[in-house]
Structure formats: C-alpha cells, structure tokens
Amino acid sequence: MNNGYIAVMDSGIGGLSTLNLLTKELPRERFLYFGDNFNAPYGEKSYTLLNILAVSNLRKIFDREVKAVLFACNTLSVNVLLNAKTLLPVPVFGVFPPVEKAVAERKKTMLFCTPKTAERYKNSEYLKVIPLKRLAHSIETNAAAPYNTDLKQHLFSSEEYRICTEEKFSPDAVILGCTHYNFIKNQFYDHFCPATIQSGDEIAVFALKNYLARSGNLANHNIFTVDFIGECAKKNEIIFNMVVKNR
Ligand code: DGL
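Here this note's numbering runs 169 ahead of the position in the sequence shown, where the first position is 1.
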C-alpha cells in the first residue's frame, strides 16, 4: 500500500476530464492536480520550452510525497514524457492519441490536436492530421462554460480540414488528441456522426491503475481527495465540480 499522491498535470483544465475518470477508477487515491494556467496554452510552444516548463512544474510537486505522475496532456506526453521518465524517481504515464490502433484496423482516421502534437504524426492513406490552432485556448478561456466553445468555427478556419473535405475524406474514427477537446466531445459526435470518437484517456488511466495494483502501490483512503496547485486553482475547482456533477 502507498498513500502518496498521484500527480496529474496539464496546461489547464483539459486534464480535469482525465482526473474525472481517475477518480472513478481509483476512488481511494489522493490526487494532486497541477493545471499550469499561467503558461497555457502549451500547444504552440517550442519543444525546448515545453521541457523547461515540465521540469520546473515537476520540481514544484516533488516536495510532496508523489508515487506516480500522469501527463493528462497529449502535448506534454508526445513531446517530453521520455525525458521526464529519465529524470523522475517514480513512474510517469501519459495520455497519447490512440492513432496506431485505428490505423492498423484500416479505419479512415482524423486526428485533431494541437500544432505541437501534430508535428509528431504524418498524414497517410488512413490518417489525416488536423492541428487546430486556437481551440484549446478558447476552451481554456471559456472556463466558466467550456461546453459552449463553437467547434465548427474552429474547423472551418483550418486549412488542413478544408483540404480533407475537398478530398471527401470522411472519417470512420475521429481522435481527440487534446484533453481540452473532451469538454466539447458532443459537438464532435454531432458533426462526425456516425464516426466513432476516441481519446487516449482511458488507456492511460488503465495503465496507471494496472501499475498501482501490480506493484502493491494502491492507496487505502476512505474517499478520493484532490489538491490543486497552479496559478488558477480556483478555475480548476469550478470545472472539477462541474465535471463531478456530470458523472
Ligand atoms: N490539453 C493539452 C493537450 O492534451 C494541451 C492544450 C494546450 O495547452 O494547448 O494537448
């Protein structure tokens, strides 16, 4: 048994959707949520800056007893997770866009993500990568009502999306490659029906849960608790209450 914190990190509110899943799957754990609102959005930052931010944020949490870290942020996972693994004394997990499975199943797949995540993936016969420049930022700044952010407006201002529609690429699978997009998942359903809508949250949560169970590191608190750090802990709390109410 290990009653240390599970640290969950994102640029802001996106990772709260992952945290919501974590609290369902691991209801006796103690979570530490770090939403780096002060430096959000991450999606257009350089690789070097992302590394600097990740390392400095990790330093801020390691004065507490942390037993595992989860990057609830695709941008962090695809860019800095390997580096973080070499630096930390505890396991680091990440939310990644589940692209390989969809493409291996020969599903016509659209990956929507931040520009920095998009750089890691290549277009192919089955995969179209569509960076959405300001979407995470709009959702973040609309924190009192993130569900109201208008997806269509962002789709139609994307050159990559326009090319896909001109080529009549109609997807079987749509991957939400940014945790912020979970807040407007219904709009993706409506717009791309009957395509399946997928994200990497569940895989990351199950990987973490498996690790804790197999290594004997599950906690034994009566209920889950969440502590917040970051510049805008208040904003995170408002959304978190909203997410929990929607369970
Ligand atoms: N939520 C993050 C992700 O999954 C980052 C969004 C941003 O800050 O640009 O990529």
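Every residue gets a Cβ at the ideal spot worked out from N, C-alpha and C, and that includes glycine.
### Task
Return the Cβ separation of N190 and E371 in integer angstroms, given the expectation that the two are a contact with Cβ distance under 8 angstroms.
To locate residue 190, count along the sequence shown from 1; it is residue 21. To locate residue 371, count along the sequence shown from 1; it is residue 202. Reading off the sequence shown, one finds Leu at residue 190, where the question assumed Asn. With 8 angstroms as the limit, L190 and E371 qualify as a contact, their Cβ atoms being about 7 angstroms apart.
### Query
Where E269 and V177 are concerned, what is the direct C-alpha to C-alpha distance, given to the nearest angstrom?
On the sequence shown, residue 269 is found 100 positions in, with the first residue counted as 1. On the sequence shown, residue 177 is found 8 positions in, with the first residue counted as 1. Computed Cα separation, rounded: 24 angstroms.
### Task
Evaluate the contact criterion for the region 343–352 versus the region 241–256: three or more CB pairs, one atom per stretch, below 8 angstroms.
yes
#### Entry: Selected residue, minimal CA-CA separation from P267, among V298, K378, A253, L257
Position 98 of the sequence shown, counted from the first residue, corresponds to residue 267. It is V298.
### Query
Can you list, in chain order, the residues of its chain whose CB lies under 8 angstroms from that of A376, leaving out five sequence neighbours each side?
Position 207 of the sequence shown holds residue 376. Cβ within range, chain order: F262.
### Cβ neighbours of P300 in the same chain (closer than 7 angstroms, five flanking residues each side left out)
For the purposes of this step, residue 300 is taken as the residue at position 131 of the sequence shown. Excluding residues within five positions, the ones whose Cβ falls inside 7 angstroms are C282, T283, P284, A287, E329.
### Boundaries (first-last residue) of the alpha helix (DSSP H) holding F352
Translated into the one-based positions of the sequence shown, residue 352 becomes position 183. Where F352 is concerned, there is no enclosing alpha helix (DSSP H), given that its DSSP letter is neither H nor E.
### Message
I'd like to confirm the pairing. Which residues does DSSP put opposite D232 in its beta bridges?
### Response
Residue mapping note: residue 232 aligns to position 63 of the sequence shown, counting from 1. None, per the DSSP bridge assignment.
### Query
Between H349 and the ligand DGL, is the CB less than 7 angstroms from at least one heavy atom?
Here residue 349 corresponds to residue number 180 of the sequence shown, with the count starting at 1. For the ligand DGL, at least one heavy atom lies less than 7 angstroms from the Cβ of H349.
### Query
With a CB to CB cut of under 7 angstroms and the five nearest residues on each side skipped, what residues in its chain are close to K229?
Along the sequence shown, one-based indexing puts residue 229 at 60. Answer for K229: I398, listed in chain order.
### Query
Hey, out of G369, K403, F352, I392, whose CA is closest to A241's CA?
As a working note, residue 241 is residue 72 in the sequence shown. For the residues G369, K403, F352, I392, the minimum Cα distance to A241 belongs to G369.
### Task
Enumerate in chain order the residues of its own chain whose CB-to-CB distance from C333 is below 6 angstroms, with the five nearest sequence positions on each side excluded.
On the sequence shown, position 164 is the one that residue 333 refers to. So the qualifying residues of the chain are K297.
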